[in-house]
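Q: Residue numbers (the UniProt record's numbering), protein chains in the order written: chain W, 1 to 349; chain Y, 1 to 349. Take this structure first; my questions come after.
There are 2 protein chains.
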Amino acid sequence: MTTSRPGRPRLPTLEDVARSAGVSRATVSRVVNGTRNVDPEIQKVVQEAVAQTGYVPNRAARTLVTRRTDSVALVFSVPEHPADDPFMARVFSDAFFGRIVGGLLTVLRPRGVHPVLMLADSDAVRQELVDNLRQQHMDGVVLVSIAPDDPLPALLSEAGLPAVLFGRPTGPVPISFVDIAQRTGVDLAVEHLVSLGRTAIATIAGPHDSPAGRDRLAGFRDAMAGHGQADAPSVAGDFTQEGGEAAMRTLLSQHPDTDGVFVANDLMAQGALLALNELGRRVPEDIAVVGFDDSSAATASRPLLTTVRQPVEDMAAEMARLLLALIDDPSQQIRSVIFKTTLVRRRSA
Amino acid sequence: MTTSRPGRPRLPTLEDVARSAGVSRATVSRVVNGTRNVDPEIQKVVQEAVAQTGYVPNRAARTLVTRRTDSVALVFSVPEHPADDPFMARVFSDAFFGRIVGGLLTVLRPRGVHPVLMLADSDAVRQELVDNLRQQHMDGVVLVSIAPDDPLPALLSEAGLPAVLFGRPTGPVPISFVDIAQRTGVDLAVEHLVSLGRTAIATIAGPHDSPAGRDRLAGFRDAMAGHGQADAPSVAGDFTQEGGEAAMRTLLSQHPDTDGVFVANDLMAQGALLALNELGRRVPEDIAVVGFDDSSAATASRPLLTTVRQPVEDMAAEMARLLLALIDDPSQQIRSVIFKTTLVRRRSA
DNA sequence: CCACGACGGGAGAGCGCTCTCCCGTCCCGT
DNA sequence: ACGGGACGGGAGAGCGCTCTCCCGTCGTGG
Chain W
1 MTTSRPGRPR LPTLEDVARS AGVSRATVSR VVNGTRNVDP EIQKVVQEAV
51 AQTGYVPNRA ARTLVTRRTD SVALVFSVPE HPADDPFMAR VFSDAFFGRI
101 VGGLLTVLRP RGVHPVLMLA DSDAVRQELV DNLRQQHMDG VVLVSIAPDD
151 PLPALLSEAG LPAVLFGRPT GPVPISFVDI AQRTGVDLAV EHLVSLGRTA
201 IATIAGPHDS PAGRDRLAGF RDAMAGHGQA DAPSVAGDFT QEGGEAAMRT
251 LLSQHPDTDG VFVANDLMAQ GALLALNELG RRVPEDIAVV GFDDSSAATA
301 SRPLLTTVRQ PVEDMAAEMA RLLLALIDDP SQQIRSVIFK TTLVRRRSA
Chain Y
1 MTTSRPGRPR LPTLEDVARS AGVSRATVSR VVNGTRNVDP EIQKVVQEAV
51 AQTGYVPNRA ARTLVTRRTD SVALVFSVPE HPADDPFMAR VFSDAFFGRI
101 VGGLLTVLRP RGVHPVLMLA DSDAVRQELV DNLRQQHMDG VVLVSIAPDD
151 PLPALLSEAG LPAVLFGRPT GPVPISFVDI AQRTGVDLAV EHLVSLGRTA
201 IATIAGPHDS PAGRDRLAGF RDAMAGHGQA DAPSVAGDFT QEGGEAAMRT
251 LLSQHPDTDG VFVANDLMAQ GALLALNELG RRVPEDIAVV GFDDSSAATA
301 SRPLLTTVRQ PVEDMAAEMA RLLLALIDDP SQQIRSVIFK TTLVRRRSA
């Protein structure tokens, strides 16, 4: 156990600044934190002393008494997976992650709060995470879960820890979250296909164990029922590009006359486009394709993908706001905020 | 300023556990941290008391005395950019980010160290970051910089803060880093094209203000010179897909006979492939394409991209190891570790 | 002219932990 | 049988900060 860092000299403390400024520790603290009124004259003296000594407040000491760490956990909860598997890469691939971080930072940074990155990929880790929070290492949690039936929301809720989810929880867990109006988003896609004159519309759905997958499929069914086609074809995919490719082939082999398809996410849509190209189907002439998410896959594919955009940055920013409010007052009611989606028209439909 | 969290009861402390176990605070600390020998009998009693009280050590208090936070900053340093610009999305897009995080975690997690995510997108933020470190909020820095002439490496180095870079610094800054043998990697690509019988080989280079861009172009020139073609054509791109697309068109308009091209990164290569497809050139029959990185773009493009793979996970893991060593002993010499690349043969060459 | 409140500043008690000292006990070797 | 060292445990200081409490000094109103 190292006692003290060799080579690194002792940093100036409040005490040092106080001595140098000829005031008490308390006064320096007041100036530094801007609490209460301090004589402008003294304020100046203290500020000079701070600058001169190069004082920077020690976070741990402050945390110890305020019980605030000014950092929150940014947790990605994913299914258990072998170490060498590219799953994790997939999780973070796509701009999704960046958009989340970007949105969070617009709110967190001005408040001086830092996100601590955590990957919850096993139940052991999930438990450890809850311990970490109880340890007061972090004030709260922003949780993005893509694990089927993730126990984490319930764990957090039970522990009474401030937390906000991206997307509604799988079960009836009392916890704050942000989400999009999934069905309305799907409507956008379906109505667009219909307005294009497509009459044989099908869907490539997401996995049934994800809320988004389920909601989007249900939305699709409802929307199609509204057009008198309650039995529109659907093939389930797994939200990956390869899955989309395979699903497209399956779909066409079962329903070769399909002329419009709603794909539950862009990555699968990209795969579907690849498959269509190889099968010699022209997009959008022979078959129109609409994706969901407006991820980077949408602009990486050819033709450019028409898709339903979710305002991820705004959602992330709202998550941060909800979380900070919850941290300020943990007795606060849980809340959920639902965002609207928009249709981004490109070439594929 | 909130005094104490309402609703949340006081957590058990060492003192509580000690009382409950009938031993001293020091003994409980020893058991919890596994330092020194403690009578197995007492150990058991203490452990039971810990479990019974639900004790979890308070991180801040521990940090205050050990001066270790057990968290490191994971900094992405990027050029300044307008708030609404998708730049950030681009930064984090692609699996690159995930591979870095994955690699880091394999080393950090077993040691109980957490990465704190930071985005350094302006000089103000960079300065703030250095302050944060001096504040002891984090023990060290893992820096991934894609900002041209980034001042951060120098700042960190001057401040004597433990830091490790991904990729060598732009200037002659004394700082630890991991990198790949860029030239050897480029050799792999060029030799492959040559072995395929290509005789009119060109390159789409990266920006000149990035070390990787420069190194790869220099490597290309050298390799081609080795084949008696010191003046092989090159067009500069900006590492984006659109840039690659444009560069490919430029290249073909200037050198229509090109039958092999080395592209300095996969994203540009993906763009190049798109352009070639639109221009009616068959890949690899008419023109062979080799990329660099083996990013997700390599498998998202058609035909699948032959590329030079950098072992990002291994590099990230090594960064973590270097950093932890540096944190343990800051007086340690700076070190750099260079990794080998491998050629991943797919369809495009 | 005095009482009173507002205000600016200081003193000091901890926050919860680690770690150095120190002390008692036991097991050696001589 | 005795001295010395190894070992296990306790006492207590102190990490650097915030915040409550208290006290002195004003300005103000009766």
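Backbone N, C-alpha and C define an ideal beta-carbon position, used for all residues, glycine too. In this text the structure is predicted, and so the values were computed from the model without any measurement.
For G140/W, which of helix, strand or coil comes out of DSSP?
A: Strand.
Q: Mapping DSSP to helix, strand and coil, what is I164/W?
A: Checking the sequence shown, residue 164/W turns out to be Val, not Ile. Looking at V164/W - three-state DSSP - the assignment turns out to be strand.
Q: When you check each C-beta in the segment 244–272 of chain Y against every C-beta of chain W, which residues fall closer than 8 angstroms?
A: Within the segment 244–272 of chain Y, the qualifying residues are Q270.
Q: Just mark H137/W as buried or exposed, buried being the case when its beta carbon has 16 or more other beta carbons within 10 Å.
A: Buried, because 16 or more other Cβ atoms sit within 10 Å of the Cβ of H137/W.
Q: Excluding five sequence neighbours on each side, which residues of the same chain lie with their C-beta closer than 8 angstroms to the C-beta of V31/W?
A: Within the same chain, V31/W has close Cβ partners V38, I42, Q43, V46, Q47, V50.
Q: Mapping the DSSP letters down to three states, classify F339/W as helix, strand or coil.
A: If DSSP states are grouped into helix, strand and coil, F339/W belongs with the strands.
Q: Excluding five sequence neighbours on each side, which residues of the same chain lie with their C-beta closer than 6 angstroms to the C-beta of L11/Y?
A: So the list is empty, once near-sequence residues are dropped.
Q: Is S234/W near the ligand SAM, with its Cβ less than 7 angstroms from a heavy atom?
A: As for the ligand SAM, it is missing from this structure, which has no ligand bound.
Q: By the DSSP assignment, the beta strand (DSSP E) with G291/W in it spans what residues?
A: Its beta strand (DSSP E) spans residues 288–293.
Q: I'd like to know if Q241/Y contacts chain W, where contact means its C-beta is closer than 8 angstroms to some C-beta of that chain.
A: Q241/Y counts as touching chain W.
Q: Could you tell me which residues DSSP puts in a beta bridge with A349/Y?
A: Bridge partners of A349/Y: none, in fact.
Q: Does the CB of T13/W have a neighbour CB from chain Y at under 8 angstroms?
A: By this cut-off, T13/W is not an interface position.
Q: So which residues of chain W does L274/Y contact, with C-beta pairs closer than 7 angstroms?
A: Within chain W, the residues near L274/Y are R302.
Q: Note the first and the last residue of the continuous beta strand (DSSP E) segment covering H114/Y.
A: Here the beta strand (DSSP E) through H114/Y covers 114–120.
Q: Could you tell me how far apart the beta carbons of D139/Y and P162/Y are, in whole angstroms, since I believe they sit closer than 8 angstroms?
A: Yes, D139/Y and P162/Y are in contact; Cβ-Cβ is about 7 angstroms, under 8 angstroms.
Q: Determine, using beta carbons only, whether A288/W and L196/W come nearer to each other than 8 angstroms.
A: Against a cut-off of 8 angstroms, the Cβ pair of L196/W and A288/W comes out as a contact.
Q: Between the alpha carbons of N33/Y and G112/Y, how many angstroms are there, rounded?
A: About 13 angstroms.
Q: Below 7 angstroms between beta carbons is the criterion; list the residues of the segment 121–153 of chain W that meet it against any residue of chain Y, in chain order.
A: The residues in question are D131, R134, Q135, Q136, H137.
Q: Label H192/Y either buried or exposed according to how many other C-beta atoms from any shown protein chain fall within 10 Å of its C-beta, with 16 as the threshold for buried.
A: That one is buried.
Q: Just checking my contact of I180/Y with I338/Y at CB under 8 angstroms: how many whole Å lie between their CB atoms?
A: Indeed, because the Cβ distance is near 7 angstroms, the residues count as touching under 8 angstroms.
Q: Closer than 6 angstroms by C-beta to residue 351/Y: which residues in its own chain qualify, once you throw out the five before and the five after it? Chain order, please.
A: Residue 351/Y falls outside the range modelled here, since chain Y spans only 1 to 349, and no answer is possible.
Q: Write down every uninterrupted run of the beta strand (DSSP E) in the segment 215–275 of chain W whose length is 3 residues or greater and which is fully enclosed by it, in chain order.
A: Complete beta strand (DSSP E) runs here, min 3: 234–236, 260–263.
Q: Return the first residue and the last residue of the alpha helix (DSSP H) that G129/Y is part of.
A: The sequence as given places Leu at residue 129/Y; Gly does not occur at that position. L129/Y -> alpha helix (DSSP H) spans 123–134.
Q: Just reading off the beta strand (DSSP E) that D16/Y is part of, what are its end residues?
A: No beta strand (DSSP E) contains D16/Y, which is instead part of the alpha helix (DSSP H) from 14–21.
Q: Helix, strand or coil for D329/W per DSSP?
A: Coil.
Q: Would a check of beta-carbon distances place E318/Y closer than 8 angstroms to chain W?
A: It does not: the Cβ of E318/Y has no partner Cβ on chain W nearer than 8 angstroms.
Q: Quick one: which chain W residues come within Cβ less than 8 angstroms of P311/Y?
A: The contacting residues do not exist; P311/Y stays about 12 angstroms from chain W at best.
Q: Pick out whichever of A212/Y, V141/Y, A200/Y has its Cα sitting closest to the Cα of P148/Y.
A: It is A212/Y.
Q: Can a CB atom of chain W be found closer than 8 angstroms to the CB of V56/Y?
A: Yes, because at least one Cβ of chain W sits closer than 8 angstroms to the Cβ of V56/Y.
Q: In whole angstroms, what is the alpha-carbon distance linking P110/W and R126/Y?
A: Cα to Cα, the separation comes out at about 15 angstroms.
Q: Residue range of the alpha helix (DSSP H) that residue 357/Y falls in?
A: This structure gives no information on residue 357/Y, because the portion of chain Y shown stretches from 1 to 349.
Q: Could you tell me the alpha carbon to alpha carbon distance between G228/Y and T199/Y, rounded to whole angstroms?
A: Near 11 angstroms, if we compare the C-alpha coordinates of T199/Y and G228/Y.
Q: Is there a Cβ from chain Y that is less than 8 angstroms from the Cβ of A51/W?
A: Chain Y, which has no Cβ nearer than 8 angstroms to the Cβ of A51/W, makes this no.
Q: Under the three-state reduction of DSSP, which class applies to T27/Y: helix, strand or coil?
A: Correct three-state label for T27/Y: helix.
Q: Comparing C-alpha positions only, which one of A60/Y, V78/Y, S77/Y sits nearest to D70/Y?
A: That would be A60/Y, whose Cα lies nearest to the Cα of D70/Y.
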